[in-house]
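The sequence shown runs 280 to 706 under this note's numbering.
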Amino acid sequence: MPKITIGRSDADMEDFGAELGTGLLGKHLVGEGSEAHAANPIRMDIARPHVIGVFGKRGTGKSYSLGVIAEELVTADESVSQNIATMIVDPMGIYWSMKFPNEDDAVLLDQWDMKPDAMDIDLFIPEGQAETFRERDIPFDKTFTLRPSDLSSADWAMAFDMQLNEPRGILLERVLRDLREDYDNFAVDDMIEYARTQGDFDEDVRKSLVNRLMAANDWGIFSAEGTALDDLYTRGGLSILDVSSFGNIRGSWSVKSLVVGLLAKKILQERMASKRLEEIAEMEGTQTSESPIVWMIIDEAHQFIPNDHKTPASDPLLSWVKIGREPGVSLVLATQQPYKLNADALSQCDIILSHRLTDKSDIDALKEIMATYMRYDITTYIDNLPRVKGAAIGLDDNSERVYSLRVRPRLSWHAGGTPAAIKEGRE
Ligand SMILES: Nc1ncnc2c1ncn2[C@@H]1O[C@H](COP(=O)(O)OP(=O)(O)O)[C@@H](O)[C@H]1O
Ligand SMILES: [Mg+2]
């Protein structure tokens, strides 16, 4: 059987072969519609950084497929997985279930010669939400916080939905500038206190900013020291960042984006710094332990990096997309509405896994980036997909090929199918 490995260059194919440093995505679907049957395995390169888009309308298997990719990253051969750190950004709060084996699909797994298996995950929640999680008996492993001093005034302004040139914005800039001059770290409370004492601003301006800052404190994501990046991800590990708990907060997506934006920025900075050290060491002929390639897997990605406006995560994620290959960061973006995803991010995907899509605008968005190598119209490929769970088309920019495939069943339990308090839908 010919081996299919998407996302792998010819040179790497020669050096590594078709299996080492790859993950099993699913099986090639041969034949059309109801006649289709699963043939040879389709593997995906995980040895190199990628930008991957996972699309499909609601309920077609996007979140499930993200879990498959994460499983492949952490269960890869140790020589590979030890050079990878994986983080899932979980805005719906569904990935905690990866702690449990997928007994539900035991029969299906058996057909694939696989067995249900729990993943060793680290589930992170915002520190300020720990009490609520405990009260509701929702298990978590660790908490995280961010440093207010790491956020730029533009980040704050975006999260607060205010302009930097309005009086509150000007006050905000001053607070940040002055506190930064005097301290390395500060808490939101320090910002509040300082804002209150700026007598040359009108009282209602001060009050308005202070109110926003007090609300920010309630998000439960800030502390003066913040969580160190090293604590947030580990070699060979899978961290799940549960940011679902801002459900009731107005503008909750801004808060989620603030978290993701800051992390993306810091991870890229760290990767770039260690890349430089690695290069120096190589020149000097010494050894350094390479820092792992970070894979960030983002569900509901159009909320973080949308096409029609900027969020605090937009620029940091765009940097990943544009320059991430060199320092070694990978991004997996899932959305039910590719046309709502930032067009640059969409066009930079080198691998696309698309489950069934029906909306014309979404199909058109895909068409636009689909290269000339497609023999048929994308609609034809999608229409020919059999109605089985996990059916998708895979587009590989590297080999310029399109495949129909069935994504493999999950080893660990997928809770996405069970009704959650937060509804996924068009907003
Ligand atoms: N590859 C697959 N194999 C078997 N079942 C799947 C597969 N993909 C999805 N499913 C089923 O479809 C349901 C919906 O998938 P999900 O990923 O939650 O959809 P969405 O696209 O909305 O994120 C899952 O709960 C699961 O039961
Ligand atoms: Mg989903």
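Heads up, the beta-carbon is just placed ideally off N, CA and C, and yes, glycines get one too.
Computed from a predicted model, the values in this text were never measured in an experiment.
| Item | Value |
| --- | --- |
| Please classify Asp461: does DSSP put it in a helix, a strand, or coil? | helix |
| Just to check my reading of the structure: Val262 and Val573 have Cβ atoms closer than 8 Å, yes? What is that Cβ distance to the nearest angstrom? | The displayed coordinates of the chain run from 280 to 706. Any statement about residue 262 would go beyond what the structure contains. |
| How many angstroms separate the CA atom of Asp420 from the CA atom of Ala552? | 29 Å |
| Is Thr339 near ligand 4 - that is, is its Cβ less than 6 Å away from at least one heavy atom of it? | As far as ligands go, the structure on display features ligand 1 and ligand 2 and does not contain ligand 4. |
| With 16 other CB atoms within 10 Å as the buried threshold, where does Tyr660 fall? | buried |
| Say the cut is 6 Å; is the CB of Ser342 nearer than that to a heavy atom of ligand 2? | yes |
| Identify the residues that DSSP records as bridge partners of Gly305: which are they? | Ile321 and Val686 |
| Where Phe439 and Ile325 are concerned, what is the direct C-alpha to C-alpha distance, given to the nearest angstrom? | 38 Å |
| What residue does the alpha helix (DSSP H) around Pro595 start on, and which one ends it? | Ser593 to Ile602 |
| Going by CA-CA distance only, name the one from Ala622, Thr301 and Gly448 that's closest to Asp481. | Gly448 |
| Examine ligand 1 and report whether any of its heavy atoms sits within less than 6 Å of the Cβ of Gly332. | no |
| Among residues of its own chain, excluding the 5 on either side of His581, which ones have a beta-carbon nearer than 7 Å to its beta-carbon? | Thr614, Gln616, Lys619 and Leu620 |
| Give me the residue from Gly499, Asp356 and Ala385 with the minimum Cα distance to Met393. | Ala385 |
| State buried or exposed for Gly296, treating a residue as buried only when at least 16 other CB atoms are found within 10 Å of its CB. | exposed |
| Pull up the distance between the alpha-carbon of Glu504 and that of Asp369, whole angstroms please. | 24 Å |
| Between the beta-carbon of Leu690 and the beta-carbon of Asn381, is there less than 7 Å? | yes |
| According to the Cβ coordinates, are Ile373 and Gly695 closer than 7 Å? | yes |
| Taking all protein chains shown into account, decide if His316 is buried (16 or more other Cβ within 10 angstroms of its Cβ) or exposed. | exposed |
| With DSSP as the reference, label Ala694 as helix, strand or coil. | helix |
| Tell me whether Leu693 counts as near ligand 1, meaning its Cβ is closer than 6 Å to at least one heavy atom of that ligand. | It is worth fixing the name first, because residue 693 is His in this sequence and not Leu. Yes, since a heavy atom of ligand 1 falls inside the 6 Å radius drawn around the Cβ of His693. |
| Quick one: complete alpha helix (DSSP H) runs, 4+ long, within the region 466-519? | 467-475, 482-497 and 508-511 |
| Pair every Cβ in the region 491-501 with every Cβ in the region 412-432, then say whether three or more of these pairs are closer than 8 Å. | yes |
| Grab the span of the beta strand (DSSP E) containing Ile584 for me, first residue to last. | No beta strand (DSSP E) holds Ile584; DSSP gives it neither H nor E. |
| Using the beta-carbon count (16 or more within 10 Å), is Ala624 buried or exposed? | buried |
| Report yes if the C-beta distance between Thr590 and Ser536 is below 7 Å; otherwise report no. | yes |
| Quick one: what's got a C-beta closer than 7 Å to Pro571's C-beta in the same chain, skipping five residues either side? | Asn362, Ile363, Ala364 and Arg514 |
| Starting from Asp641, trace the alpha helix (DSSP H) both ways and give me its first and last residue. | Lys639 to Ile648 |
| Beta carbon of Val368: closer than 6 Å to some heavy atom of ligand 1? | no |
| What does the Cβ neighbour count give for Tyr682, buried or exposed, with the cut at 16 atoms within 10 Å? | buried |
| Please state whether DSSP places Pro446 in a helix, a strand or coil. | helix |
| Quick one: what's got a C-beta closer than 7 Å to Phe465's C-beta in the same chain, skipping five residues either side? | Pro427, Ser428, Leu458 and Ala503 |
| Just tell me which of Lys668, Asp629, Gln627 and Ile657 has its CA closest to the CA of Lys639. | Ile657 |
| Decide if Glu605 is buried, meaning its Cβ has at least 16 other Cβ atoms within 10 Å, or exposed. | exposed |
| Quick one: Cα of Arg666 to Cα of Leu345, how far? | 20 Å |
| Count the other CB atoms within 10 Å of the CB of Arg478; is the residue buried (16 or more) or exposed (fewer)? | The residue you asked about is not Arg; residue 478 is Gly in the sequence shown. Per the 10 Å Cβ criterion, exposed. |
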